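In the order they appear, the protein sequences are chains A and B.
All residue numbers for the first sequence refer to our numbering, where the first residue is 1020 and numbers rise by one.
All residue numbers for the second sequence refer to our numbering, where the first residue is 322 and numbers rise by one.
C-beta: ideal position from N, C-alpha, C; glycine also.
Note that the coordinates shown come from a computational prediction; the quantities given were computed from them, not determined experimentally.
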Amino acid sequence: MTAFLLLSFLVLLAIGVPVAIALGGASLLHVMAEDLSPHLVVIHRMVSGVDSFPLLAIPFFIMAGSLMNSAGITARIYDFALALVGWLRGGLGHVNVVGSVIFAGMSGTAVADAGGLGNIEIKAMRDHGYEVDFAVGITGASSTIGPIIPPSLPMVIYGVMANCSIGQLFAAGLLPGLLMAATMMAMVAWYAHVRGFRRDAAFAWARLAFTFRRAFLPLMTPVLLIGGMTSGLFTPTEAAIAATAYALVLGLFVYRTLSLRGLVRVSMETVETTAIILFIVAGASIFGYIITTTKVTDQVADLVLSVTREPWIVLLLVNIFLLVVGCFMETIAAITILVPVLLPLVTQVGVDPVHFGLIMVLNLMIGLLTPPVGMVLYILARVADISFERTTRACLPFLVPLVATLGIVTYWPGFVLLLPTYLYR
Amino acid sequence: MSKESAGPDLGDPLVGLADAPDPALSDYVPEDWAAFAFFWALAFVVFLQFFSRYVLNDSVAWTEEIARYLLICVCFVGGGMAVRKTSHIHVEFLYVYLPRVLARRLSLLVDLCRVAFLGYGTYLCWKITEIMQFQRMVVADLPMSLVFGTCTAGFAVMALRAVQVAVRHARAGESPLTRVNMEGRQQ
Chain A
1020 MTAFLLLSFL VLLAIGVPVA IALGGASLLH VMAEDLSPHL VVIHRMVSGV DSFPLLAIPF
1080 FIMAGSLMNS AGITARIYDF ALALVGWLRG GLGHVNVVGS VIFAGMSGTA VADAGGLGNI
1140 EIKAMRDHGY EVDFAVGITG ASSTIGPIIP PSLPMVIYGV MANCSIGQLF AAGLLPGLLM
1200 AATMMAMVAW YAHVRGFRRD AAFAWARLAF TFRRAFLPLM TPVLLIGGMT SGLFTPTEAA
1260 IAATAYALVL GLFVYRTLSL RGLVRVSMET VETTAIILFI VAGASIFGYI ITTTKVTDQV
1320 ADLVLSVTRE PWIVLLLVNI FLLVVGCFME TIAAITILVP VLLPLVTQVG VDPVHFGLIM
1380 VLNLMIGLLT PPVGMVLYIL ARVADISFER TTRACLPFLV PLVATLGIVT YWPGFVLLLP
1440 TYLYR
Chain B
322 MSKESAGPDL GDPLVGLADA PDPALSDYVP EDWAAFAFFW ALAFVVFLQF FSRYVLNDSV
382 AWTEEIARYL LICVCFVGGG MAVRKTSHIH VEFLYVYLPR VLARRLSLLV DLCRVAFLGY
442 GTYLCWKITE IMQFQRMVVA DLPMSLVFGT CTAGFAVMAL RAVQVAVRHA RAGESPLTRV
502 NMEGRQQ
């Protein structure tokens, strides 16, 4: 009967039924066919799947990122990053990465980064005579830092599905996020060396001081958020509401760049995105419940473990699987569906759930840059006004630093777990 | 910019582009405003919890529970907006490779699946609401049927919008899915 469940889900998914309805629909068909429990179990489980305190962080992390973009705060961050590293060779490439790191500390999604900051960055790089492919590639790659450095929407979803501490997941993402930035900046430096990029701006203390003062209040957001969460002062949900309140105060009263109509638009977008994400979580909670009770997850684990019990091979297989899934599936959907399947497998070979959370999210971030389903690629194609195929090709070389980071994150648990262990355990 | 050059259209990005113009307030429909109200009520309640814990040093007991229920309401009532704009996340790459006739039929089938699930979901959710009339919330002294009743309304709005979307697609003979099909062929 589980074969029927999986098959009906895959068929519904493939023909283009929304992911959430494919999950709920397949579960409903399963319950109908089994005829053991009343049909309303499906809907009851869907509703109670959303009934979770950590999920409350989601709308506010979305809103904070959206407010930062709408209130012109992103532009201030960009200016600061330009004064900070713009004087290096290939300066705007470095600016791109540094800007993303700062923005990552206040936003939880890669698409907020690509659509907001990416817009400014690609325009600026074009104006300075960079090839559009280089600009698009580095913007796409650096936008994936967003959900690795806390706060992070995919990590919240992972934490809820895997039932593990979101605070620890956030702490685990900090070092790998900085490592991603370092590998990308190394790549920019290499490009600059090979192609002879020039410096884009002279370094000036006065300029740095000026842009720092102008960006000071937004720059405090990551400090407030990451500091507050890692010190245990805030829960992630509280940090999310604090960030939103802070961005609102900045946009409405300090900079006065946010109109009331703009606020309505941001709210409506937040509601829509929240509803989309949580509907998937709802569908996944009934679907996950059924596949767990039917022991299909145990069968998957047994199957893999009968081939090998070597942790590094299991991790390699899981990584390849996740990279393939990431090409075809959207991040949140992939996490909600795959956590119940993969987590029991990897924990059996001794992988820490927090460590695995980072492996999974990083894999799926790479998936944002791979066709045919890559959200960041779609956004960048639109922002840069080039074809989807060209965007894909432009991002391809920048997968190298990402995959390198993935290798380190996968096979060096001590690096990932350093901060969580130090702060929480 | 022509649509073909940007690849298959995925609908609007999840978070608005910085330079997108603000839509007029009249572009929103009633259920949008209902979801909007739930969202701001949620923001207020979560902020109240934050404020009472850190500033007053005395958490208001009911805030956590009510916040969770309001989040449920945002999800299911706000879903109406997502159904209307067909922005619930779906997989569409298959359509790039399908023959045109099959793409149109499957797209129609998808619309029917959506209507069927949301329609039956409305009925089931109403059944739960009836059962929950006598179940009280944990902290707040209110019936749980309030939460499930709102979800029923949300399901009903989603179902009705799904019908509307299905009719529109059937009349126009195209949907976001068939558009992927057309554009995939031009590339």
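Measure the alpha-carbon distance for residue i versus residue j and round it to whole angstroms.
i	j	result
residue 436 of chain B	residue 1308 of chain A	24 Å
residue 328 of chain B	residue 1155 of chain A	Confidence is the limiting factor: at residue 328 of chain B the pLDDT is only 33, short of 50, which leaves the residue's position unreliable and the question unanswerable from this model.
residue 456 of chain B	residue 449 of chain B	11 Å
residue 1439 of chain A	residue 1208 of chain A	31 Å
residue 1345 of chain A	residue 1435 of chain A	21 Å
residue 1152 of chain A	residue 1133 of chain A	15 Å
residue 1211 of chain A	residue 1199 of chain A	18 Å
residue 1246 of chain A	residue 467 of chain B	38 Å
residue 1480 of chain A	residue 486 of chain B	Limits of chain A in this structure are 1020 at one end and 1444 at the other, which puts residue 1480 of chain A out of reach.
residue 1391 of chain A	residue 374 of chain B	47 Å
residue 1314 of chain A	residue 378 of chain B	46 Å
residue 459 of chain B	residue 389 of chain B	12 Å
residue 1172 of chain A	residue 1165 of chain A	9 Å
residue 1196 of chain A	residue 477 of chain B	43 Å
residue 441 of chain B	residue 447 of chain B	10 Å
residue 1325 of chain A	residue 1362 of chain A	17 Å
residue 426 of chain B	residue 1027 of chain A	18 Å
residue 1103 of chain A	residue 1266 of chain A	23 Å
residue 962 of chain A	residue 1389 of chain A	Lying outside 1020 to 1444, the shown extent of chain A, residue 962 of chain A is not represented and no answer is given.
residue 372 of chain B	residue 1268 of chain A	16 Å
residue 1270 of chain A	residue 1257 of chain A	20 Å
residue 1059 of chain A	residue 408 of chain B	26 Å
residue 1162 of chain A	residue 1190 of chain A	19 Å
Measuring alpha carbon to alpha carbon, tell me which residue in the options is nearest residue i.
i	options	result
residue 1098 of chain A	A:1042, A:1127, A:1232	A:1232
residue 1185 of chain A	A:1094, A:1214, A:1126, A:1072	A:1072
residue 1219 of chain A	A:1292, A:1114, A:1031	A:1114
residue 1110 of chain A	A:1133, A:1205, A:1127, A:1094	A:1205
residue 1230 of chain A	A:1434, A:1030, A:1101	A:1101
residue 1385 of chain A	A:1360, A:1350, A:1170	A:1350
residue 465 of chain B	B:350, B:451, B:361	B:451
residue 1095 of chain A	A:1050, A:1078, A:1104, A:1118	A:1118
residue 1034 of chain A	B:411, B:491, B:454, B:493	B:411
residue 1378 of chain A	A:1289, A:1225, A:1338	A:1338
residue 986 of chain A	B:479, B:490, B:439, B:365	Outside the modelled stretch of chain A, which goes from 1020 to 1444, sits residue 986 of chain A, for which no answer is possible.
residue 1176 of chain A	A:1373, A:1443, A:1429, A:1428	A:1373
residue 400 of chain B	B:479, B:443, B:493	B:479
residue 1441 of chain A	A:1202, A:1251, A:1317, A:1163	A:1251
residue 406 of chain B	A:1291, A:1360, A:1223	A:1291
residue 1022 of chain A	A:1257, A:1359, A:1316, A:1055	A:1316
residue 1075 of chain A	A:1187, A:1260, A:1058, A:1120	A:1260
residue 1304 of chain A	A:1387, A:1162, A:1063	A:1063
residue 1078 of chain A	A:1216, A:1116, A:1253, A:1288	A:1288
residue 402 of chain B	B:496, B:501, B:475	B:475
residue 1276 of chain A	A:1306, A:1150, A:1088, A:1255	A:1088
residue 1425 of chain A	A:1255, A:1167, A:1116, A:1052	A:1167
residue 1090 of chain A	B:343, B:461, B:365	B:343
Could you tell me whether any non-hydrogen atom of the ligand PLP is closer than 8 Å to the CB of residue i?
i	result
residue 1367 of chain A	This structure lacks the ligand PLP; in fact it carries no ligand of any kind.
Three CB pairs or more closer than 8 Å across the segment 1387-1401 of chain A and the segment 1123-1143 of chain A: yes
Can you pull out the residues from the segment 398-423 of chain B whose beta carbon lies closer than 9 Å to at least one beta carbon of chain A? 398, 399, 400, 401, 402, 403, 404, 406, 407, 408, 409, 410, 411, 412, 413, 414, 415, 416, 417
Taking Cβ-Cβ distances below 8 Å as the criterion, which residues of the segment 1239-1269 of chain A are in contact with chain B? 1256, 1257, 1260, 1261, 1263, 1264
Three CB pairs or more closer than 8 Å across the segment 425-434 of chain B and the segment 471-482 of chain B: no
Using 8 Å as the Cβ pair cut-off and three pairs as the minimum, do the segment 1298-1308 of chain A and the segment 1037-1045 of chain A touch? yes
At 4 residues or longer, and completely inside the segment 1358-1397 of chain A: list those alpha helix (DSSP H) runs for me, N to C. 1372-1386
Could you name the residues of the segment 1283-1294 of chain A whose beta carbon sits closer than 9 Å to any beta carbon of chain B, in the order they occur along the chain? 1283, 1284, 1285, 1286, 1287, 1288, 1289, 1290, 1291, 1292, 1293, 1294
Sequence ranges, alpha helix (DSSP H) only - wholly within the segment 1284-1361 of chain A, length at least 4: 1315-1326, 1330-1347
Should the segment 367-383 of chain B be regarded as contacting the segment 1276-1295 of chain A, the criterion being three or more beta carbon pairs within less than 8 Å? no
Quick check: the segment 1366-1375 of chain A against the segment 1397-1413 of chain A, are there 3 or more CB pairs under 8 Å? no
Okay, do the segment 349-368 of chain B and the segment 394-412 of chain B touch, 3+ Cβ pairs below 8 Å being the bar? yes
In chain order, what residues of the segment 422-437 of chain B put their CB closer than 9 Å to some CB of chain A? 427, 428, 430, 431, 434, 435, 437
Can you check the segment 1213-1288 of chain A for any alpha helix (DSSP H) of at least 4 residues that lies completely inside it and give the ranges in chain order? If we require 4 residues or more, the alpha helix (DSSP H) runs fully inside the segment 1213-1288 of chain A come out as 1224-1249, 1255-1268.
Pairs of beta-carbons, one from the segment 1141-1149 of chain A and one from the segment 1119-1130 of chain A, closer than 8 Å: are there three or more? no
Below 8 Å between beta carbons is the criterion; list the residues of the segment 1390-1421 of chain A that meet it against any residue of chain B, in chain order. 1391, 1392, 1394, 1396, 1397, 1398, 1400, 1401, 1402, 1404, 1405, 1406, 1407, 1408, 1410
Give, in chain order, every residue of the segment 368-398 of chain B whose Cβ lies closer than 7 Å to some Cβ of chain A. 368, 371, 385, 388, 389, 392, 393, 395, 396
Taking any Cβ of chain A, which residues in the segment 488-500 of chain B have a Cβ under 8 Å from it, in chain order? Along the segment 488-500 of chain B, going in chain order, the ones with a CB nearer than 8 Å to a CB of chain A are 498.
Run through the segment 1038-1118 of chain A for me and flag every whole alpha helix (DSSP H) of 4 or more residues, listed as ranges in chain order. 1038-1053, 1059-1069, 1076-1089, 1092-1104
Between the segment 1034-1058 of chain A and chain B, which residues of the former have CB atoms less than 9 Å from a CB of the latter, in chain order? Near chain B, meaning a CB-to-CB distance below 9 Å, the residues of the segment 1034-1058 of chain A are 1034, 1035, 1036, 1037, 1038, 1039, 1040, 1041, 1043, 1044, 1047, 1057, 1058.
Against chain C: residues of the segment 342-359 of chain B by CB proximity under 7 Å: Of the chains in the structure shown, none is chain C; the protein chains are A and B.
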